[in-house]
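Peer 1: So that we are looking at the same thing, I have put the structure below in structure tokens.
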Amino acid sequence: MFVMENKPKRATRGRPRLFNRDAALKKALLLFWEYGYEGISVAHLVEMMGITPPSLYAAFGSKENLYREAVALYLSGPGQFVALALAEEQTAKNAVERILREAAHIFTVKTHPRGCLIASGELTCAPEHSELMRSIADLRTASIDATARRLTQAKKDGELPPSVNAKALARFYGAVIQGMSVQAKDGATAAQLKEIADLALMAWPEL
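In the working numbering, the protein residues as written are 21 to 227.
Written out as structure tokens, the structure is:
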């Protein structure tokens, strides 16, 4: 909607469009999730978000800032399942199993785009966006590091054999999740991803 005043119509020309910022950000998240950062233009973004380019820049500053806010929204919503599992499950094995099974569901549910915005997001990009790509890579690394810390604690608690390389095991499961994300984008079903999860769990080092 436009702000209407008791002035000739020409006085309202060029005025910024009013919109719900939170709703626009949620739409942007879904678009970036579906197409990636470089896969969607500002023109397409504003068209699908139902706003004007000046409104986008006034509210978010730039396309890159919009993307970063969308990533933060993802991490506080659908992308929170890894952190929650690591924090809430009593054993490391239960946490990893929960992560894998929830990934199979979340990556294929029909209420949002397939795959994981972080796991398979911005793997390559133009040189001018390398800093943005690095920030997404850092998020993937942070998830692996958090899993490694949980596995290291599991070794101290006697849940895992002392010989286990916690960081390598965390990287293994991180690679499985990234692969599940890619396969989900390629059309794999939840059942097929759960089969991958079952096989990955067979690699868990038992005492």
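For each residue, glycine too, the CB sits at the ideal point set by N, CA and C.
Apart from the five residues on each side of it in sequence, which residues of its chain come closer than 6 Å, Cβ to Cβ, to GLU54?
Peer 2: Sequence-distant partners of GLU54 (beyond 5 residues in either direction) whose C-beta falls short of 6 Å from its own C-beta, in its chain, are PRO133.
Peer 1: Looking at the unbroken alpha helix (DSSP H) that takes in ILE126, where does it start and where does it end?
Peer 2: 112-126
Peer 1: Are there 16 or more other CB atoms within 10 angstroms of the CB of ARG41, so buried, or fewer, so exposed?
Peer 2: exposed
Peer 1: Determine the direct distance from the alpha carbon of MET68 to that of VAL23, and round the result to whole angstroms.
Peer 2: Low per-residue confidence applies at VAL23: pLDDT is 34, beneath 50, and the placement is therefore not dependable, though the value from the model is reported in the following sentence. Cα-Cα distance, rounded: 21 Å.
Peer 1: Might you give, ordered along the chain, the residues of its own chain that have their beta carbon closer than 7 Å to the beta carbon of ARG121, omitting 5 neighbours on each side?
Peer 2: Around ARG121: LYS214 and ALA217.
Peer 1: Answer yes or no: do MET200 and PHE127 have a C-beta to C-beta separation smaller than 8 Å?
Peer 2: yes
Peer 1: For the stretch 78-92 and the stretch 47-64, state whether three or more C-beta atom pairs, one from each stretch, are separated by less than 8 Å.
Peer 2: yes
Peer 1: Relative to the C-alpha of LYS47, which residue among THR131, HIS125 and PRO74 is closest?
Peer 2: Closest option to LYS47, Cα to Cα, is THR131.
Peer 1: With ARG191 and ILE156 assumed to form a contact (beta carbons below 8 Å), what rounded beta-carbon distance in angstroms separates them?
Peer 2: No, ARG191 and ILE156 are not in contact; Cβ-Cβ is about 17 Å, not under 8 Å.
Peer 1: Are the Cβ atoms of LYS97 and CYS136 separated by less than 8 Å?
Peer 2: The question names Lys, but residue 97 in the sequence shown is Gly. Against a cut-off of 8 Å, the Cβ pair of CYS136 and GLY97 comes out as no contact.
Peer 1: Going by CA-CA distance only, name the one from GLY141, ILE197 and MET222 that's closest to GLY123.
Peer 2: First, the amino acid is wrong: residue 123 is Ala here, not Gly. When GLY141, ILE197 and MET222 are compared, the shortest CA-CA separation from ALA123 is found for ILE197.
Peer 1: By how many angstroms is the C-alpha of LEU49 removed from the C-alpha of SER75?
Peer 2: 17 Å
Peer 1: Taking only the alpha-carbon atoms, compute the straight-line gap between ALA115 and GLY178 and give it to the nearest angstrom.
Peer 2: 16 Å
Peer 1: Under 7 Å: does the beta carbon of LEU104 sit that close to some heavy atom of the ligand ADP?
Peer 2: The ligand ADP is not part of the structure shown, which contains no ligands of any sort.
Peer 1: In three-state terms, what does DSSP make of VAL66?
Peer 2: helix
Peer 1: What is the rounded straight-line gap between the Cα of ILE186 and the Cα of ILE138?
Peer 2: Checking the displayed sequence, the identity of residue 186 turns out to be Ala instead of Ile. So the alpha carbons of these two residues sit roughly 22 Å apart.
Peer 1: Measure how close the beta-carbons of ALA112 and LEU180 come, nearest whole angstrom, since I'm counting them as under 8 Å.
Peer 2: 7 Å
Peer 1: Which term fits GLY194, buried or exposed, when burial requires 16 or more other beta carbons within 10 angstroms of its beta carbon?
Peer 2: GLY194 is buried by the Cβ-count criterion.
Peer 1: By the three-class DSSP mapping on this structure, what secondary structure does VAL129 have?
Peer 2: Three-state DSSP puts VAL129 in coil, outside helix and strand.
Peer 1: CB SER150 to CB LYS205, shorter than 8 Å?
Peer 2: no
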